[in-house]
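Engineer: In this note's numbering, the protein residues as written are 5 to 79.
Below you'll find the structure I mean.
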């Protein structure tokens, strides 16, 4: 499987899973969109930053979205 099938740059009007805003530029991870602004903020956020757990929680939503209805997963 080519890596670009799961992570790709897109020019679409999509709602960011991190900030909830509708944006044109960003990346698709699996079937969820992260805008360029949030992507940049995630990359430069230190693990000690108060925002870090929020970003981890939102990213877990992408990974576990398909499994939520099948079994209980603590996010």
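Ideal Cβ placement from N, Cα and C applies to all residues, glycine included.
Computed from a prediction, not measured in an experiment: that's the story for all the values here.
Within a Cβ cutoff of 7 Å, which residues of the same chain sit near residue 43, ignoring the five residues on either side of it in sequence?
Structural biologist: For the purposes of this step, residue 43 is taken as the residue at position 39 of the chain shown. 30, 31.
Engineer: How long is the line joining the alpha carbons of residue 18 and residue 49, rounded to whole angstroms?
Structural biologist: Counting from 1 along the chain shown, the entry for residue 18 is found at position 14. Counting from 1 along the chain shown, the entry for residue 49 is found at position 45. Distance between the alpha carbons of residue 18 and residue 49 is about 23 Å.
Engineer: Need the endpoints of the alpha helix (DSSP H) that residue 41 sits in, please.
Structural biologist: Position 37 of the chain shown holds residue 41. Where residue 41 is concerned, the enclosing alpha helix (DSSP H) stretches over 40–48.
Engineer: If you run the structure through DSSP and keep just helix, strand and coil, what is residue 22?
Structural biologist: Taking the first residue of the chain shown as 1, we reach residue 22 at position 18. Here residue 22 sits in coil by DSSP.
Engineer: So residue 65 and residue 38 are supposed to be a Cβ contact under 8 Å. How far apart are they, rounded?
Structural biologist: As a first step, residue 65 must be located in the chain shown, where it is residue number 61. As a first step, residue 38 must be located in the chain shown, where it is residue number 34. The Cβ separation is near 11 Å, so there is no contact.
Engineer: Nearest to residue 47 by CA position, among 60, 16, 28, is which residue?
Structural biologist: As a working note, residue 47 is residue 43 in the chain shown. Residue 60 is the option with its Cα nearest to residue 47.
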